[in-house]
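Visitor: FYI, our numbering numbers position 159 of the sequence shown as 159, with every residue one higher than the one before it.
Each residue gets a CB set at the ideal place from its N, CA and C atoms; glycine is no exception.
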Amino acid sequence: MDKPRLLPLLYWRRLITIRELKQYAVTFKEVLRRDGALTILWFTNAEKLLSALGFQAAWDWAWALQEGLASGGRVAFEIVGKVDIFRQRPCPAFLMFENAAYLADMSFELPCNCKPEEVPAVVWFYQKRIGSNETTVLTDYNGTTFVDASNIRRGSSILLRFSIRMFSLIVFKAQVGDTGHYICGTRQGAYFYGYDIDVQSSKDALILFADSNQHPTKDQHEKRFTVFTTFWDWTMCDRCGVRGEQRRIGMCYVKSEYLFTRYRKAIQNVASCGSASVPKRFKRMMTARKTEILIRSCTMPCRHEEKDTIKSFLTQKINNVISKMGSNISIPDVPTQFYSLQVGYTLIISCPDARPESAVAWDKDDKRLYRSEYLTGLNRSMRVYIDHGNQLHITYTMEKDKGLYFCWLEGRRTAGFHLFVLRRKSRVRSFSDPETIFAMKLILLSYLFLFVLFVVIHFCKCFCYLCGCR
């Protein structure tokens, strides 16, 4: 029987969409059926192809098919029983690294794509720079160690912020120092897949407000590269029934023909600014480029409200007016926790089940804490602010901070925090108290310093008098 003659259909040298990939699979199957050739596809629709391959694997498969067509116009396929040849993704001939960028304090998951089925466990390796002698081994003993993401401290070592589940590496609350290369392999030294991770800082992020007609930074065009900002999708409105806010995060990317070829990119010649594929001489010229955060106002009806759009619109307007007048509004029945602190302490409140990329909002009693007024970075002297990880900070608590704080998650009030601020009680201190001992030591040292200074000054005067100094 003749080998099937395949035609170049929809795939060309560019990033195809899911819709085009589905159409490609359907047309491919129809060509095989029309030519009466060997049936090499034993799936019934394009969705099974996508689920078996995954988008990246389907892209590689289509590219290999196109290369075969370009070389001779004929592609030979061999069937071996009922093995699904599309489920196995072959590893590259040499280790390559897939580029990905994340914002600081976010969590990310890295799947071990090329792991053979016969490998029962994997070990992840971390290197800041390829070829470095310093390699961190990330293993949690075949997945037996459980990491509670809610108890992880920001800035702690990556050895305390990772977990391996189903062979995938999960890094919680990523920091800028976590930027580098992550390699999936085994204890015996076999390597399957690599990632080039770029964690971009949010401390000095450029904050833009669309309501004030502030626009993103223009592209930076240089002779050999172009720096631009790629924005994620808008988050959903963080409040319902009243005015809320939406947030959009912009990451720094660079486009150049001089990027190192060992790194795989989602789009050709495009990588994140902190990627190891970007030459160092380029990075020196783009240090002024910052992460951008765009914020705008929004309104969204609550799910439990009437479907009548006119009534929902009027309800939103009335609630906004009541909120501006400072009157009390109805409080939903949400779980509430109680905190009691003394004056002078620092408090950080996190919304339950919220992630840094989630749509989160905060209220204090009937006052709405909008990001346009309370976002970190707007004013360095702010005592109460919301960071880019959606946490509410209160530095040096005061009596006026007491009240009921509400957390909104994805447009719904989900939790309440009742804060009590107490005055420090005065008490009679004894000489054995650590504070008393410290104060006495400080006073004695001060007197000793003054005594030494007095002696030195008089010694200098006597010396000048005896020596005839003027």
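Just grab the DSSP bridge partners of L375 for me.
Guide: BP columns for L375 point to I386.
Visitor: Count the other C-beta atoms from every protein chain shown that fall within 10 angstroms of the C-beta of L528, then say buried if there are 16 or more, exposed otherwise.
Guide: Any answer about residue 528 is impossible in this case: the structure gives the chain only from 1 up to 470.
Visitor: Alpha carbon to alpha carbon, how far is V242 from E373?
Guide: Their backbone Cα atoms lie some 17 Å apart in a straight line.
Visitor: Give every residue of the same chain whose Cβ lies closer than 7 Å to the Cβ of D196, excluding the five residues on either side of it in the sequence, and list them in chain order.
Guide: Once the five neighbours on either side are set aside, the close Cβ partners of D196 are F97, E98, N99, H181, Y263, S275, A276, S277.
Visitor: Determine whether the beta carbon atoms of M236 and E410 lie at a separation below 8 Å.
Guide: In this structure, E410 lies closer than 8 Å to M236 by Cβ.
Visitor: Could you tell me if A204 is buried or exposed, where buried requires 16 or more neighbouring beta carbons within 10 angstroms of its beta carbon?
Guide: In the sequence on display, residue 204 carries Asp and not Ala. The residue in question, D204, is exposed, as its Cβ has fewer than 16 Cβ neighbours within 10 Å.
Visitor: Assign L95 to one of three DSSP states: helix, strand, or coil.
Guide: L95 falls in the coil class under three-state DSSP.
Visitor: With three or more beta-carbon pairs closer than 8 Å as the criterion, would you say the stretch 118-131 touches the stretch 211-218?
Guide: Result no; under three Cβ-Cβ pairs closer than 8 Å.
Visitor: Secondary structure at D365, three-state DSSP: helix, strand or coil?
Guide: Three-state result, D365: coil.
Visitor: What does the Cβ neighbour count give for E245, buried or exposed, with the cut at 16 atoms within 10 Å?
Guide: Buried, because 16 or more other Cβ atoms sit within 10 Å of the Cβ of E245.
Visitor: Span of the alpha helix (DSSP H) holding A439?
Guide: 434-467 is the extent of the alpha helix (DSSP H) around A439.
Visitor: In chain order, what residues of the same chain lie with their CB nearer than 7 Å to the CB of E357, ignoring the 5 residues before and after it?
Guide: Same-chain partners within the cutoff: M106.
Visitor: Since M285 is in the alpha helix (DSSP H), which residue starts that stretch and which ends it?
Guide: Run containing M285: 280-285, per the alpha helix (DSSP H) assignment.
Visitor: Straight-line CA distance for C464 to Y447?
Guide: Going by the C-alpha atoms only, they are around 26 Å apart.
Visitor: Relative to the C-alpha of F125, which candidate in V171, I457, K364, T336 has its C-alpha closest?
Guide: The shortest C-alpha separation from F125 is found at V171.
Visitor: To the nearest angstrom, report how far apart P279 and V254 are at their CA atoms.
Guide: Roughly 11 Å between the two C-alpha positions.
Visitor: Can you list, in chain order, the residues of its chain with a C-beta nearer than 6 Å to that of R383? Leave out the 5 residues immediately preceding and following it.
Guide: Excluding sequence neighbours, R383 sits near T395.
Visitor: Tell me where the beta strand (DSSP E) around H418 begins and ends.
Guide: It spans 412-422 - the beta strand (DSSP E) in which H418 sits, taken as one unbroken run.
Visitor: Taking contact to mean at least 3 C-beta pairs separated by less than 8 Å, is the stretch 342-356 in contact with the stretch 385-401?
Guide: A contact exists between the stretch 342-356 and the stretch 385-401.
Visitor: Alpha carbon to alpha carbon, what distance is there between K367 and L404?
Guide: Answer to the nearest angstrom: the Cα atoms are 10 Å apart.
Visitor: Please classify K115: is it buried, with 16 or more other beta-carbons within 10 angstroms of its beta-carbon, or exposed?
Guide: Burial call: buried.
Visitor: For L169, which residues from the same chain have a beta carbon less than 6 Å from its beta carbon, with the 5 sequence-adjacent residues on both sides left out?
Guide: These residues qualify, in order along the chain: L110, W124.
Visitor: Closest to F260 by CA distance: which of R281, K223, F209 is it?
Guide: F260 has its Cα closest to that of R281, out of R281, K223, F209.
Visitor: List the residues that DSSP assigns as beta-bridge partners of S430.
Guide: DSSP, once it has assigned bridges, lists no residue as partnering S430.
Visitor: For L453, is the classification buried or exposed, using 16 other Cβ atoms within 10 angstroms of its Cβ as the cut-off for buried?
Guide: It counts as exposed.
Visitor: Assuming L103 and Q200 form a contact by the criterion Cβ under 8 Å, report the distance between their Cβ atoms to the nearest whole angstrom.
Guide: Yes, they are in contact, since the Cβ atoms of L103 and Q200 sit about 6 Å apart, within 8 Å.
Visitor: Closer than 7 Å by C-beta to L369: which residues in its own chain qualify, once you throw out the five before and the five after it? Chain order, please.
Guide: W362, D363, I386.
Visitor: Compare the Cα-Cα distances from L378 to each of M300, R303, A439, I295 and report the closest residue.
Guide: The candidate whose alpha carbon is nearest that of L378 is I295.
Visitor: Take E399 and list the residues in its own chain whose beta-carbon comes closer than 8 Å to its own, dropping the five residues that flank it on each side.
Guide: Within the same chain, E399 has close Cβ partners V343, V421, R423.
Visitor: Which term fits A101, buried or exposed, when burial requires 16 or more other beta carbons within 10 angstroms of its beta carbon?
Guide: So A101 counts as buried.
Visitor: Mapping the DSSP letters down to three states, classify K173 as helix, strand or coil.
Guide: Looking at K173 - three-state DSSP - the assignment turns out to be coil, as it is neither helix nor strand.
Visitor: What span of residues does the beta strand (DSSP E) with G344 cover, start to end?
Guide: Segment: none, G344 is in no beta strand (DSSP E) and carries neither H nor E.
Visitor: When DSSP builds the beta bridges, which residues end up paired with Y263?
Guide: F97.
Visitor: Please classify P471: is it buried, with 16 or more other beta-carbons within 10 angstroms of its beta-carbon, or exposed?
Guide: Since the first residue of the chain shown is 1 and the last is 470, residue 471 is not available in this structure.
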